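Residue numbers (my numbering), protein chains in the order written: chain A, 1 to 267; chain B, 1001 to 1314.
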Amino acid sequence: MSALARLWAIALNTFREATRNRVLYVLVVFAALLMAFSVVLGELSLHEQTRVIKDLGLAGISGVGLVIALFLGVNLLSKELDRKTVFFVIPKPLHRHEFLAGKFVGLAVTLALLVAVMAATLAVVLALEGGLHDIALVRAEVLVLFELWLVVAVALLFSSFSSPYLSAMFTASLWVVGRNSGELRAFAEGKLSDTPIGALLSGVAAVLPDFHAFYVSGGMLGDATPVSIHGSFIGWGYVAQAGLYGAAYGGACLVIAALLFARRDFT
Amino acid sequence: MSVLSVEALRKTFVRGLARRRTEALRGVSFAVEPGEIFGFLGPNGAGKTTTIKILMGLIFASSGTARLFGTEVGRREAKQRLGYLPENPYFYDYLTVVELLDMVGRLHGLPAAQRRQRASALIEEVGLGHAAGRPLRSYSKGMLQRAGLAQALIGDPELVVLDEPMSGLDPIGRKEVRDIIVSLRRRGKTVFFSTHILSDATLLCDRVAILVRGELRDTGPLGQLLSPAIDGVEVLYTADDELGARIAAGPGQHERTSEGRVARVADLAAANAVAKAVLEGGGTLLSLAPHRQSLEELFVQEAAAPGRGAEAGS
Ligand SMILES: Nc1ncnc2c1ncn2[C@@H]1O[C@H](COP(=O)(O)OP(=O)(O)OP(=O)(O)O)[C@@H](O)[C@H]1O
Ligand SMILES: [Mg+2]
């Protein structure tokens, strides 16, 4: 109970820090502009108007969210170290892992709010153009949020032992590979199956975070069934499954980060 | 039971790929008892902040033990009873002092009403009432130091650890901090603070420890560390030239200053003889000041004694 209160004190502070950062608002405005632009683009594409708005809107939420998650995620710890605020906060009556968890939760809450704001903007734009922000789109947005949380967990892990620049590079490369995990796996199980390289690749694909699982519209799922938010989209069951996967993977990242953080000298 | 203690504490920093080693602490032991104001003195780079950081659980000792309230450092239960002001405090500069105190109050597990009430009382006590609504980013160094003091006290700690609490403060601010420290002792708290401003230590401390280049040189009440013996007496007087010349012919050193004539003699008996001669010869006695070793001199003397350090360090 009081452990939760302490965690929340750190989370609230992290939330305040993020929401008092102007860059955040610039990026959200950018997402809104992207949606406005999608209306113009939609006009050009005759009957496909709401389709274009949905596709671009979802991509905008994901893209802007990823930039913010990466940027704030890799700085979550290093900022405390650079600005020497750790000297103030670590001697307070809380455990180091509570501090780390609080930082994560604070950014997770910030991102949830951000996705909600951008989703609401998308809903308004859609309504103005006679479209509907349907439940399939909500599922897609929840998946986007899960992906952002996982990105933050990975970024936090890297930043617990390397500089923000390196952490950003590591996390971004992992994300690129993870988004294309399907291709990697297909490659490993197709042409290269039964070769050592194939085995290595499928091993890598199994260990790396499967970011593709969180952005499925317009792609293929498992046994090559096409999914799209316009037609047959995944159900809540899939969302829950992806969420569990993210929780397990992200949780492991946070535990390792906490172990690394626990014995560190703050000089 | 000691409130704070370190035993044979060592810390070696290892830097960079070349693994360059700096021995910041070379076996330091001392203990702070409940209810005392303990001064931790030493010149720049002596290892004061390093010792405090180990006690605060920020860095780990290379060997030796550091305890708070009888338990190994880093335990949450011990930190609950502790207030700490870092050296050159850095806080979340986007917060106001009210928000900062609220956050620390939450970490100490205080209910909301108590957080509010203590925060506003402390903000007044450290004299930040006029700036309570401003982000800390806009604070001057002295104002930050005051905010730091307030956040160290919001949990109503039994032990207050202050790393250079007077740095960056004007004379009025220094006096206010001294008053706060004294009032903490009156309320039964223990105060441990580091400083190299000797007059502050002289005014405040029940006991001090003097640290030089990672080694403890002395611990004890200031009065005992300072030699109680008088090492000279200064007599200030006015007299006409004839009387002045007569006195100057006696023992001691003599000179004329804008205030009058000064005789520096070895002991009180000699000083009394000078005073008698002044009065009997029709002069005026202005002052008679016995001179004892000051903390400042002790400090310089200790810091300039490298031989002892090398012996104990190996
Ligand atoms: N992170 C570090 N890496 C290497 N050496 C360090 C580190 N931190 C401190 N030192 C060294 O340890 C010694 C003690 O430093 P410390 O900061 O404890 O001194 P101090 O007594 O607090 O001095 P000051 O009065 O200037 O604050 C110094 O020689 C310093 O250079
Ligand atoms: Mg220091």
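C-beta: ideal position from N, C-alpha, C; glycine also.
Everything numeric in this text was worked out from a predicted model, so none of it was measured.
- Under the three-state reduction of DSSP, residue 1035(B) is assigned to coil, being neither helix nor strand.
- Between the beta-carbon of residue 1128(B) and that of residue 1146(B) there is about 5 angstroms, and that keeps the pair under the 8 angstroms contact cut.
- By the rule that beta-carbons nearer than 8 angstroms mark a contact, residue 2(A) touches chain B.
- Of all alpha-carbon atoms in 217(A), 41(A), 22(A), 28(A), the one lying nearest the alpha-carbon of residue 138(A) is that of 217(A).
- With fewer than 16 other Cβ atoms from the protein chains shown falling within 10 Å of its own Cβ, residue 43(A) counts as exposed.
- According to DSSP, residue 84(A) shares a beta bridge with no other residue.
- The CB of residue 1104(B) comes closer than 8 angstroms to the CB of 92 in chain A, given here in chain order.
- Put simply, the backbone Cα of residue 11(A) is about 15 angstroms away from that of residue 90(A).
- Contact between the region 1030-1045 of chain B and the region 254-262 of chain A is absent, with fewer than three C-beta pairs closer than 8 angstroms.
- Look at the region 1067-1147 of chain B and you find these whole runs of alpha helix (DSSP H), each 4 residues long or longer: 1076-1080, 1097-1107, 1112-1125.
- By a beta-carbon distance limit of 8 angstroms, residue 1265(B) does not contact residue 1278(B). Their separation comes to about 12 angstroms.
- By the Cβ test, the region 233-253 of chain A is not in contact with the region 1027-1039 of chain B, since fewer than three Cβ pairs between them sit closer than 8 angstroms.
- Between residue 31(A) and residue 61(A), the gap from beta carbon to beta carbon is short of 8 angstroms.
- In the DSSP annotation of this structure, residue 1204(B) is not part of any beta strand (DSSP E); the continuous alpha helix (DSSP H) holding it starts and ends at 1198-1204.
- Residues 7, 10, 11 of the same chain have their beta carbon placed closer than 6 angstroms to that of residue 102(A), with the five preceding and five following residues left out of the count.
- For residue 1291(B), there is no enclosing alpha helix (DSSP H); the residue is part of the beta strand (DSSP E) that begins and ends at 1284-1292.
- Residue 202(A) has its Cβ no nearer than 7 angstroms to any heavy atom of ligand 2.
- Contact between residue 1178(B) and residue 1200(B) holds, since their C-beta atoms are separated by about 7 angstroms, short of 8 angstroms.
- The Cβ-Cβ distance between residue 1058(B) and residue 1004(B) does not fall below 8 angstroms.
- With a threshold of 8 angstroms between beta carbons, residue 1080(B) makes contact with chain A.
- Taking C-beta separations shorter than 8 angstroms and ignoring five residues to either side along the sequence, the partners of residue 1252(B) in its chain run 1263, 1264, 1265, 1266, 1270, 1274, following chain order.
- Annotation for residue 1130(B): no residue places its beta carbon closer than 7 angstroms to its own, counting only its chain and skipping 5 residues before and after.
- Assignment of residue 1239(B) by DSSP, reduced to helix, strand and coil, places it in the coil class.
- At least one beta carbon of chain A lies nearer than 8 angstroms to the beta carbon of residue 1059(B).
- In chain order, the residues that have a beta carbon nearer than 7 angstroms to some heavy atom of ligand 2 are 1048(B), 1049(B), 1087(B), 1163(B), 1164(B), 1194(B).
- DSSP places residue 1058(B) outside both helix and strand once states are collapsed to three, so it counts as coil.
- The beta carbon of residue 139(A) does not come within 8 angstroms of any beta carbon belonging to chain B, so the residue lies off that interface.
- With a threshold of 7 angstroms, the Cβ atom of residue 1045(B) counts as near ligand 1, since some heavy atom of the ligand is closer than that.
- Segment contact: the region 102-112 of chain A against the region 59-77 of chain A, three or more CB-CB distances shorter than 8 angstroms; contact assigned.
- With a threshold of 16 other beta carbon atoms within 10 Å, residue 1119(B) meets it and is buried.
- Beta bridge pairing from DSSP links residue 1163(B) with 1194(B).
- Residue 41(A) has its alpha-carbon roughly 20 angstroms from the corresponding atom of residue 28(A).
- Proximity of chain B to residue 84(A) at the Cβ level (cut-off 7 angstroms) is accounted for by 1090, in chain order.
- Taking C-beta atoms as the reference points, residue 141(A) and residue 120(A) fail to come closer than 8 angstroms.
- Only those residues of the region 12-30 of chain A whose C-beta falls short of 7 angstroms from the nearest C-beta of chain B are listed: 13, 16, 17, 20.
- With a threshold of 8 angstroms between beta carbons, residue 55(A) makes no contact with chain B.
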